[in-house]
Amino acid sequence: MEVTQIVATDINKEAPNVVTETHFKTLVDSGYQAEVVCRTKATKKAAVWYGIWIIRVVNKERTYEKLLVPARKKLGDDDEIAVRTFKTANGLISFLESMGFTQVNIPMLEGGRTLHALPDTPIESSDG
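Rendered as C-alpha cells:
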C-alpha cells in the first residue's frame, strides 16, 4: 500500500505575483506602499479624466511587488487571473480612498508611476 504525503506550500511562492483587495489592504496597513501605474495617457472628456491605471503593492526596498487583482475569474476549464484596472481617475481615487489613503497623486502619462503610503496616524474627520 502506497502512502501519499501532503506537503504544505508557501502560497506566496506558488501563486502568481498578484494580491487580492483584502490582502492588499492588510499589506498597506502594515507599511507597504501602493504604486499607481499609468498604462495609457489620460484624456479628458467633458469633466471626466479617462485612462487605464493599475495598482501594485510594493515594500520600501522594492524587493516585494504584487499586482492588484479583483479575484479569479472562471473561464471554461481554466482559471484566469485578470489585473484590476481603473478606467477613470474618479474610480481610482474612490478605490484608494476606500483603502484609507487621504491623498492621491495620479500619473497622467503612459508609464508614469506614483507611490502612496497610508498616514502614520489616522486623521480625525471634521464631520461632526
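Under our numbering, the first residue of the sequence shown is numbered 173, with each subsequent residue one higher. From the three backbone atoms N, C-alpha and C, an ideal C-beta is built for every residue, glycine too.
Of the choices the options, whose alpha-carbon is the least far from that of residue i?
i: residue 212; options: 286, 201, 224 and 202; result: 224
i: residue 193; options: 278, 229, 209 and 218; result: 229
i: residue 261; options: 199, 190, 204 and 221; result: 221
i: residue 277; options: 288, 199, 196 and 203; result: 288
Quick check on DSSP: helix, strand or coil for residue i?
i: residue 254; result: coil
i: residue 216; result: strand
i: residue 269; result: helix
i: residue 261; result: helix
i: residue 233; result: coil
i: residue 207; result: strand
i: residue 199; result: helix
i: residue 274; result: coil
With burial defined as no fewer than 16 other Cβ atoms inside 10 Å of the residue's Cβ, what is the status of residue i: buried or exposed?
i: residue 181; result: Bear in mind that a pLDDT of 37 at residue 181, under 50, signals an unreliable position, so the number given afterwards is only what the model happens to contain. Exposed.
i: residue 216; result: exposed
i: residue 236; result: exposed
i: residue 178; result: Any reading at residue 178 must be qualified, since the residue scores a pLDDT of 39, below 50, and its modelled position is unreliable; no value is offered.
i: residue 255; result: exposed
i: residue 281; result: exposed
i: residue 240; result: buried
i: residue 308; result: For the chain, the structure presents residues 173 to 300; residue 308 sits outside this window and is missing.
Go through its chain and collect everything with a Cβ distance to residue i's Cβ below 8 Å, but skip five positions before and after it.
i: residue 285; result: 207, 208, 209, 210 and 279
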